[in-house]
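Under the numbering used here, the very last position in the sequence shown is 881; numbers go up by exactly one each time. C-beta atoms are modelled at their ideal positions from N, C-alpha and C, and glycine is treated no differently.
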Amino acid sequence: MAAAGPSVFLLMVNGQVESAQFPEYDDLYCKYCFVYGQDWAPTAGLEEGISQITSKSQDARRALVWNFPIDVTFKSTNPYGWPQIVLSVYGPDVFGNDVVRGYGAVHVPLSPGRWFMGRRPEYTDPKVVAQGEGREVTRVRSQGFVTLLFNVVTKDMRKLGYDTGPPDTQGISGPSPPQGLPR
Numbered sequence: 699m700a701a702a703g704p705s706v707f708l709l710m711v712n713g714q715v716e717s718a719q720f721p722e723y724d725d726l727y728c729k730y731c732f733v734y735g736q737d738w739a740p741t742a743g744l745e746e747g748i749s750q751i752t753s754k755s756q757d758a759r760r761a762l763v764w765n766f767p768i769d770v771t772f773k774s775t776n777p778y779g780w781p782q783i784v785l786s787v788y789g790p791d792v793f794g795n796d797v798v799r800g801y802g803a804v805h806v807p808l809s810p811g812r813w814f815m816g817r818r819p820e821y822t823d824p825k826v827v828a829q830g831e832g833r834e835v836t837r838v839r840s841q842g843f844v845t846l847l848f849n850v851v852t853k854d855m856r857k858l859g860y861d862t863g864p865p866d867t868q869g870i871s872g873p874s875p876p877q878g879l880p881r
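Printed below as a string of structure tokens:
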């Protein structure tokens with residue numbers, strides 16, 4: 699009896715929410731969660747987490763260092779709804795209440811390997827800036843950025859007909875060149 703081919707592929711993501719630069723704020727923590735399509739299901743690890751509170755480093759960078767681990771595995775039959783990680787950064791206001799200091803989201807890289815990524819928060823639909831309805835409740839300014847480190851492994855994507863790069867990048871690979879914002 700012939701063995702049937704795979705019916706799902708796996709996406710394994712581990713890494714960490716490394717650090718942040720928020721010049722105006724200190725004593726911050728972050729929350730993360732993954733958002734994904736209906737054909738996706740987590741099979742191992744944590745879909746969401748909350749870090750410890752960190753203070754700015756005493757060096758010239760004045761970085762907020764979390765080194766907060768990320769480790770999750772998903773299965774899917776189709777790449778539609780590819781997972782994104784959503785970050786929310788919180789810290790105390792002048793009264794000691796925790797308030798949001800920033801949001802951001804980025805897709806998990808499509809290609810296996812090691813990635814540094816960074817992206818400032820943005821509207822999902824930039825046309826909202828030109829629209830009047832609902833704009834009175836939206837005030838946005840860039841306050842900082844967060845650095846994420848992703849280690850990505852895929853399994854059986856090529857067997858299901860999905861090409862995410864050259865054959866030598868399928869599965870576990872060595873370090874890729876840094877991507878995203880300069881450090």
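Taking a contact to require three or more Cβ pairs closer than 8 Å, the segment 790 to 809 and the segment 753 to 765 do not qualify as touching. The straight-line gap separating the alpha-carbon atoms of residue 799 and residue 743 is approximately 27 Å. For residue 712, the beta-bridge partners assigned by DSSP are 769, 849.
By the neighbour-count criterion, in which a residue is buried when 16 or more other Cβ atoms sit within 10 angstroms of its Cβ, residue 783 is buried. Per DSSP, the beta bridge partners of residue 738 are 774.
Counting the other Cβ atoms within 10 Å of the Cβ of residue 795 gives fewer than 16, which makes it exposed. Judged by beta-carbon spacing, residue 727 lies within the 9 Å limit of residue 751, meaning their Cβ atoms are closer than that value. DSSP places residue 858 within a helical segment (H, G or I) once states are collapsed to three. Under a 10 Å Cβ-count criterion, residue 850 is classified as buried, with 16 or more other Cβ atoms of the shown protein chains found around its own Cβ. Non-local beta-carbon contacts of residue 778 in its own chain, meaning distances under 8 Å to residues more than five positions away in sequence, involve 735, 737 in chain order. Inclusion of residue 730 and residue 786 in the CB contact set at 9 Å is warranted, their separation being smaller than that value.
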